[in-house]
Amino acid sequence: MRTKILVDDQLMAEALDASGCGTINEAIEEGLKLLIRHSEQQEIRKLRGNIDWDGDLDEMRGTQ
């Protein structure tokens, strides 16, 4: 999708530096992916304490 956006120059420079992305497009795409991943993690966190699980983590990890 093509779109035109205005982004603060300093913010973009910091994002490029922090991400190691080579282009503005890459930085924006990585930022969007991170936003989606964060949202998905929040949804999973909402389930904490609401699911009964019966298992042995040590056995699953092979650390017995």
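For the sequence shown, the tail end lands on 619 under this note's numbering, and the numbers increase by one without skipping. For every residue, glycine included, the Cβ atom is placed at its ideal position computed from N, Cα and C. What you are looking at is a predicted structure, and each value in this text was computed from that prediction instead of being measured.
Exercise. In or out: Ala-582 buried (at least 16 other Cβ within 10 Å) or exposed?
Worked result: buried
For this session: List the whole-angstrom C-beta distance separating Ser-594 from Glu-585, where the pair is believed to meet the contact cut-off of C-beta under 8 Å.
Result: That belief does not hold up - the Cβ atoms of Ser-594 and Glu-585 are roughly 15 Å apart, past 8 Å.
Exercise. Among Glu-614, Asn-580, Gly-617, Asp-564, which residue has its Cα nearest to the Cα of Met-556?
Worked result: Asn-580
Exercise. With a Cβ-Cβ cutoff of 9 Å, do Cys-576 and Ala-568 count as a contact?
Worked result: Taking 9 Å as the Cβ cut-off, Cys-576 and Ala-568 do not qualify as a contacting pair.
For this session: Would you identify the three-state DSSP class for Ile-560, choosing helix, strand or coil?
Result: DSSP places Ile-560 in coil when its eight states are reduced to three.
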